[in-house]
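*Asks:* Here it is: the structure, laid out below.
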Amino acid sequence: MMNKTAPSVTGTSPQRRSFLKTLALSFAALIIPGIVVARDKLDKVKDWVIGDGYRPADHRWGMGLDISKCIGCGRCVDACKKENNVPLEPFFFRTWVERYRILSNGETLIDSPGGAINSFRADAPEETVLRSFFVPKLCNQCEHAPCVQVCPVGATFSTPDGVVLVDAEHCVGCRYCIQACPYGARFLHPETRTAEKCTFCYHRIVKGLAPACVEACPTQARVFGEVEKKASPLVRFLRMNKIAVLKPFLNTKPQVYYTGFDMEVR
Amino acid sequence: MEELIQHLAPLVKEVVGYIYPNEIELHWGLLVVVYPYVTGLVAGAFILASLVKIFNVTELQPTYRMSLLTALAFLLVAPLPLLAHLGHPEKSFAIFFTPNTRSAMAMFGFVYAWYLMAVLLLEIWFCYRKDLILWAKQERGLRKLLHRIMSLFSSDVSERALRFDQKAVKAVTLIGIPSAFLLHGYVGFIFGSIKANPWWSSVLMPIVFLFSAIVSGIALVLLIYMIATPLRGKEMDMACLNKLASYLFYAMIIDFSLEILDFIHRVYESEESIEILAALVTGKLFISLIVVQLLLGMLLPLGAIAMAKMLQMPSDLKKMIYFVAALLVQVGIFSTRWNVVVGGQLFSKSFSGLTVYKTTFLGLEGLLVSMGLLLLPFLILYVLFALLPPWEESKVSLEGS
């Protein structure tokens, strides 16, 4: 039977040919949306790997620091160390708080004992204190980051959402980035022997959470958010205050903004 | 980790003023001082050899091959301090395979490989090719084999081939001079391009590095010549010594002028960082910068060489002066590297305080390893001298073979 039908198939008539064509097209019509959907799914998987539908290119993160609100309690330093497994010894910090005391004789006392993880002691200097304020410090997530420029292997990089990260798997530990950072924001992790720094708690922000320091701050001196989106608290902060950045002359374009610090702050 | 913490804990008490808390650990220590010192010697020795070839300085002919071998011995050691200093030396190959092209440091691999492969080894090979073939003919056993291998089994000693060797040496030297400038100028650029650090950030840095390199290279070849010649029971060539001392003198004058220019420029511009830098120079760097680098390493040898040149004196006294001057120059240039590398990290980038650096004796970053790394090139040089004798009398003539 098979042998008999086979020759008749090879001798296709024009109608049969057009039928087969239509059939193929109909099948294609079934498959093509499938391919499109699959590609869409793949993108979704990619997003899902980073976070719940988080697309880095859709964001641009920054932080604002309100000097007048910071009380120097050091909760942010503590929260950061716990959240990011930063060694507890007082030589390694992703964030720290500095105290500035401007005396009547014009001198400025600056300190940050243990990064202020246990706040500050209320020791009064002999001279009268004219002004005193606290300055939280962290990686400035520079748009023109010198650390990214100098890394010989590209282990330090800027993400599309404006955060500077270190890929510990590629870091060779040459410490050039630490030298290049004008803000002292980097250190070499004593155990991994790779460069470390503030990541804006990247693992948290991709999930829609705020960085640990922001969460821990009791006075909302730290404002975290989108730099560009209108509804962001940071945009409001930038609009309502007189804004400065650290060492602007170095043209690093920090994305950490301050309001209310004095000229003594560097 | 425990060791590091124990090392850092007592340093906190020695900090003057305010430094950022992450600045207590000083990141580039003794090993990173050794690195530019060693590459400087390479560049300096090579430039000296090139002067001999390009300008046909006959007096310096006895030091030509010696300078090349010295450059090679030190170049082989140059990457070791860097490797020992890396947090992850096992990943160092990434600098070659996946370099960040925007990074000055990523160029290290290429500059180094270019200099070693395309310049130094080529020049030495063309320079020694004839001798290697002729030596191998007279020798037997292992030495013969080694010399055959080193000549890459070439055997053509026809006049045409030898003329080509000569031409090739000239050509490589011509490429070599800018390459040597590149090698050490590049090391200066690594520091000079760090805008975060006002002690380093200077366009003069590569040039100062280069001329201090030439100074240290000439002084080193002078020392090696003055030690090796009596050890071989030969007489030193006074004309050669005088010429070396003159070149050393000229290079030092340029180096000194550049450093003074840098100093005046800084003081005159008097930027934001001037106060902390002044505190640094007059305090923590006083001994190593003012006393060792400037007085002992620069002014004293400059004065001594000038005296030896101007006054009539017995040649033995002259030799003594040259020797001591060259030795002082080495100490001075090492001090220069120290003052740049370590000095640049002794003040806080907040410009509000000074920190300290204490070397350890043991450990990778310690004194012992650095001393070993400084001695290693001399060991290599000893082997090179044995395998590729650079002396005039070791050259064999074609008729003799």
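Protein chains in written order, with this note's numbering: chain A, 38 to 303; chain B, 29 to 429.
Don't be surprised by glycine CBs; every beta carbon is placed ideally from N, CA and C.
Short of 8 Å in beta carbon distance, which residues of its chain neighbour B:L20, apart from the five on each side in sequence? Order them along the chain.
*Replies:* Residue 20 of chain B lies beyond the stretch modelled for chain B, which goes from 29 to 429, so this question has no answer here.
*Asks:* Quick check on the DSSP output: the beta strand (DSSP E) that includes A:E135 runs from which residue to which?
*Replies:* Here the beta strand (DSSP E) through A:E135 covers T132 to L140.
*Asks:* So that I know if they touch, is there some Cβ in chain A lying closer than 8 Å to that of B:N14?
*Replies:* Given a span of 29 to 429 for chain B in the structure shown, any question on residue 14 of chain B remains unanswerable.
*Asks:* Alpha carbon to alpha carbon, how far is A:M39 from A:L57?
*Replies:* Confidence at A:M39 is low in this model, with a pLDDT of 47, below 50, so its placement is unreliable and the value that follows should be read with caution. Cα to Cα, the separation comes out at about 20 Å.
*Asks:* List the residues of chain A that B:E53 touches, going by C-beta distances under 8 Å, in chain order.
*Replies:* Within 8 Å of the CB of B:E53, the CB atoms of chain A belong to F128, F224 and L225, in sequence order along the chain.
*Asks:* Take B:S343 and list the residues in its own chain whose beta-carbon comes closer than 8 Å to its own, dropping the five residues that flank it on each side.
*Replies:* M266
*Asks:* Buried or exposed: which applies to A:Q257, given that a residue is buried once 16 or more other Cβ atoms fall within 10 Å of its Cβ?
*Replies:* exposed
*Asks:* For B:G428 and B:L401, what's the separation of their Cα atoms in angstroms?
*Replies:* With a pLDDT of only 47 at B:G428, under the threshold of 50, the placement of this residue in the model should not be trusted; the figure read from the coordinates follows. Roughly 41 Å separates the two Cα atoms.
*Asks:* With the cut-off set at 8 Å, would you say B:V197 and B:L162 are in Cβ contact?
*Replies:* No Cβ-Cβ contact shorter than 8 Å links B:V197 with B:L162.
*Asks:* Are the beta-carbon atoms of B:V61 and B:T383 separated by less than 8 Å?
*Replies:* no
*Asks:* Any beta-carbon of chain A closer than 8 Å to the one on B:A224?
*Replies:* Interface residue, yes.
*Asks:* Would you report the Cα separation of A:T231 and A:C208, rounded to the nearest angstrom?
*Replies:* 6 Å
*Asks:* Provide the residue(s) that pair with A:T145 in DSSP beta bridges, ordered along the chain.
*Replies:* A:I139
*Asks:* Going by the DSSP bridge assignment, what does A:M300 pair with across the sheet?
*Replies:* Per DSSP, none; premise fails for A:M300.
*Asks:* What three-state label does DSSP hand A:A43 in the structure shown?
*Replies:* Confidence at A:A43 is low in this model, with a pLDDT of 48, below 50, so the placement of that residue is unreliable and no value is reported for it.
*Asks:* Which of the three DSSP states is assigned to B:T383 in this structure?
*Replies:* coil
*Asks:* Label B:N84 either buried or exposed according to how many other C-beta atoms from any shown protein chain fall within 10 Å of its C-beta, with 16 as the threshold for buried.
*Replies:* If you draw a 10 Å sphere on the C-beta of B:N84, you find fewer than 16 other C-beta atoms in it, and that means exposed.
*Asks:* Anyone know if the C-beta pair for B:R176 and B:A189 falls short of 8 Å?
*Replies:* Cβ distance not < 8 Å, so B:R176 and B:A189 don't count as in contact.
*Asks:* With a 10 Å radius around its C-beta and 16 neighbouring C-beta atoms as the bar for buried, classify B:P38 as buried or exposed.
*Replies:* Burial call: exposed.
*Asks:* Considering B:E167, what are the terminal residues of the alpha helix (DSSP H) in which it resides?
*Replies:* No alpha helix (DSSP H) contains B:E167, which DSSP labels as neither H nor E.
*Asks:* Going along the chain, which unbroken runs of the alpha helix (DSSP H) with 4 or more residues stay wholly within the stretch 169-231 of chain B?
*Replies:* 169-178 and 187-220
*Asks:* Have a look at the DSSP bridge pairing and note the partners of A:Y295.
*Replies:* A:L102 and A:A281
*Asks:* Quick check: the stretch 156-166 of chain A against the stretch 108-125 of chain A, are at least 3 beta-carbon pairs closer than 8 Å?
*Replies:* yes
*Asks:* In whole angstroms, give me the CA-to-CA distance for B:L248 and B:A414.
*Replies:* 19 Å
*Asks:* So the alpha helix (DSSP H) B:T310 belongs to, where does it begin and stop?
*Replies:* I302 to T310
*Asks:* So, for A:C184: in the same chain, excluding its five sequence neighbours on each side, which residues have a beta-carbon less than 7 Å away from its beta-carbon?
*Replies:* Listed in chain order, the non-local C-beta contacts of A:C184 below 7 Å within the same chain comprise T193, V201, C214, A217, C218 and R223, local neighbours out to five positions each way being set aside.
*Asks:* Taking the CB atoms as reference points, tell me whether B:S229 and B:K223 lie closer together than 8 Å.
*Replies:* yes
*Asks:* Determine the burial state of A:D299: buried for a count of at least 16 other Cβ atoms within 10 Å of its Cβ, exposed for fewer.
*Replies:* exposed
*Asks:* Using a Cβ-Cβ distance cut-off of 8 Å, determine whether B:H116 contacts chain A.
*Replies:* yes
*Asks:* Under a three-way DSSP split, which group does B:P417 fall into?
*Replies:* In the three-state DSSP reduction, B:P417 falls in the coil class, being neither helix nor strand.
*Asks:* May I ask you to verify whether the stretch 134-154 of chain A touches the stretch 46-57 of chain B, counting CB pairs closer than 8 Å and requiring at least 3?
*Replies:* yes
*Asks:* So is B:R365 in contact with chain A if we call contact Cβ pairs under 8 Å?
*Replies:* Interface residue (Cβ-Cβ distance to chain A less than 8 Å): B:R365 is not classified as such.
*Asks:* Measuring CA to CA, which of A:I139, A:T59, A:I280 and A:P255 is closest to A:Y295?
*Replies:* A:I280
*Asks:* List in chain order: all unbroken alpha helix (DSSP H) runs of 4+ residues lying wholly within the stretch 230-256 of chain A.
*Replies:* DSSP runs (the alpha helix (DSSP H)) wholly in the stretch 230-256 of chain A: 239-242 and 249-253.
*Asks:* Residues in the same chain with beta-carbon distance under 6 Å from A:D103, minus the five sequence neighbours each way, listed in chain order, please.
*Replies:* A258 and T296
*Asks:* Excluding five sequence neighbours on each side, which residues of the same chain lie with their C-beta closer than 7 Å to the C-beta of A:P132?
*Replies:* Before going further, note that residue 132 of chain A is Thr rather than Pro in the sequence given. Cβ neighbours of A:T132 beyond the five flanking positions: C113, V114, C117, P173, K174, L175, C235 and C250.
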